[in-house]
Amino acid sequence: ATVKTTMDGTVYPFVAGDALFMVVNHEDVSKTGYLASLGNWMTEQVNSNLNVHWRIVCVHSGLFSGGSHQADASNLTLRNALLPYYKSLKIDLALHGHDHVYNAIGPVDNLTKTVVSGAVQKVGYAPVVVQSNMNGKTGGTFDVTNGTFYFSNNSASRKKYAPTSQSSMNSDASITGVTNYWNLFTGRFGQTGEPTFSNIRVTTDTIFISTYAINTNGNTYLFDQIKVTKELSTGVNQGLKEQVRIVVDSDKNQIKVFGVEAHRIDLYNIKGQLVAIKKNSNYLSTNSLNNGVYLVRVYDHESVYNKKIRI
């Protein structure tokens, strides 16, 4: 039986471009069977959207964090119940709040609760400053091909939490169930006490996250800038390259087809009118098209594949 949340409308999916977003609610963590039902629901959403490249979870209470909630018993319960789903479903990015600090974590191997080897590159280094930059890191490119990147951008309000020190993380290891928790913070980690907000841009192969802070004079400045990447051939079905995917690359103004040799690509507008044709190519230019919703129909020599897209 499905165990539902007590707050209707707080668990729902949507697809935007080449990304599946799953908005989930962890607040019923103590309700028997709820987290298993939530994991099963996430599995259904992923299996219904195998042709998208990105799988993103948006949630209030995250599985990993660097603030005062880090050692909450509920966080251990969440990790024990949901990390196996994050692993099997190949969740790429988890956007969360709850602990009002800035932290860039992972990519985490959700089985071992360690950073995926070789997945972190181009991290910059700055002086360690207690509170504002606890680990002296900035920027970075994070490859989520084999793990999940966990991100919290502090808060836009005055409510702030102090970042947890390395010594506190070590002493709480028996409570959190995470050894070397400090090592999971592969990007910037800290608290300036200022309002912050992020601009997140999702493209075919990269997610760009730029976070800004507002100082006491009311001026906005760039606080941190990171990239999340993933191999294009990776999917939930063991990364099978034959899996057909139709994506929009807004940077290059193209529709791209992966996993099949396209004999022809047809593009229909919302009125059902054929507006573009490309033969013997896996790319179709969108330069001459107006913004809106379209149907892409891809033919190989044996099958037809359809996908609704937005340009």
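Every position in the sequence shown, counted from 1, becomes a number in my numbering once 360 is added.
Cβ coordinates follow ideal geometry from the N, Cα and C atoms, glycine included.
Span of the beta strand (DSSP E), counted from its first residue to its last, around M529: Taking the first residue of the sequence shown as 1, we reach residue 529 at position 169. Secondary structure note for M529: it is in no beta strand (DSSP E), and the uninterrupted alpha helix (DSSP H) holding it is 526-531.
7 Å Cβ shell around S409 - same chain, five flanking residues per side excluded: Translated into positions along the sequence shown, residue 409 becomes position 49. According to the sequence as given, residue 409 is Asn; it is not Ser. In chain order, V375, L380 place their CB closer than 7 Å to the CB of N409, counting only its own chain and leaving out the 5 sequence neighbours on each side.
Q585: first and last residue of the uninterrupted beta strand (DSSP E) it sits in: As a position in the sequence shown, residue 585 is number 225, starting the count at 1. For Q585, the uninterrupted beta strand (DSSP E) run begins and ends at 580-589, by DSSP.
Endpoints, the beta strand (DSSP E) within which P555 is located: Locating residue 555 in the sequence shown gives position 195, where the first residue counts as 1. First-last for P555: undefined, no H or E at that position.
Beta-ladder partner(s) of Q481, from DSSP: In the sequence shown, counting from the first residue as 1, residue 481 sits at position 121. According to DSSP, which records beta bridges pairwise, Q481 is partnered with T501.
Test: K639 CB closer than 8 Å to a CB of chain E: In the displayed structure, chain E is absent; only one protein chain is listed.
Nonlocal neighbours in the same chain, by C-beta distance under 7 Å from H460, ignoring five residues either side: As a first step, residue 460 must be located in the sequence shown, where it is residue number 100. Closer than 7 Å at Cβ, skipping near neighbours: G427, N514, S515, K519, K520, Y521.
Residues sharing a beta bridge with W414, DSSP: Here residue 414 corresponds to residue number 54 of the sequence shown, with the count starting at 1. When DSSP reads this structure, W414 sits in a beta bridge with A379.
N513, enclosing beta strand (DSSP E) - first and last residue: The residue you call residue 513 lines up with position 153 of the sequence shown. Where N513 is concerned, the enclosing beta strand (DSSP E) stretches over 508-513.
Extent of the continuous beta strand (DSSP E) to which V617 belongs: On the sequence shown, position 257 is the one that residue 617 refers to. According to the DSSP assignment, V617 belongs to the beta strand (DSSP E) that extends over 614-618.
Strand pairing of F674, partner residues [DSSP]: Nothing can be reported for residue 674, as the shown portion of the chain is limited to 361 through 671.
Supposed close pair Y628, V635 - CB separation, criterion 8 Å: Taking the first residue of the sequence shown as position 1, residue 628 is located at position 268. Taking the first residue of the sequence shown as position 1, residue 635 is located at position 275. Taking the Cβ atoms as the reference, Y628 lies roughly 7 Å from V635, within the contact range of under 8 Å.
Opening and closing residue of the alpha helix (DSSP H) in which L634 lies: In the sequence shown, counting from the first residue as 1, residue 634 sits at position 274. In the DSSP annotation of this structure, L634 is not part of any alpha helix (DSSP H); the continuous beta strand (DSSP E) holding it starts and ends at 634-639.
Local conformation of L438 per DSSP, three classes: By 1-based counting over the sequence shown, the position of residue 438 is 78. Looking at L438 - three-state DSSP - the assignment turns out to be helix.
Stretch pair the stretch 482-498 + the stretch 548-559: three plus CB contacts closer than 8 Å: The stretch 482-498 and the stretch 548-559 touch, with no fewer than 3 CB-CB distances between them shorter than 8 Å.
Through-space distance from A431 to L582, alpha-carbon basis: Within the sequence shown, numbered from 1, the residue matching residue 582 stands at position 222. Within the sequence shown, numbered from 1, the residue matching residue 431 stands at position 71. Cα to Cα, L582 sits roughly 30 Å from A431.
Heavy atom of the ligand MG within 7 Å of S477 beta-carbon: Ligands in the displayed structure: none, and consequently the ligand MG is not present.
Collapsed DSSP secondary structure at Y394 in the structure displayed: For the purposes of this step, residue 394 is taken as the residue at position 34 of the sequence shown. Y394 falls in the helix class under three-state DSSP.
Selection from V658, V608, T536, N530 that minimises the alpha carbon distance to W542: To locate residue 542, count along the sequence shown from 1; it is residue 182. When the alpha-carbon of W542 is set against those of V658, V608, T536, N530, the nearest one is in N530.
Within 8 Å, strictly: CB atoms of G422 and Y510: On the sequence shown, position 62 is the one that residue 422 refers to. On the sequence shown, position 150 is the one that residue 510 refers to. Result yes, Cβ atoms of G422 and Y510 sit closer than 8 Å.
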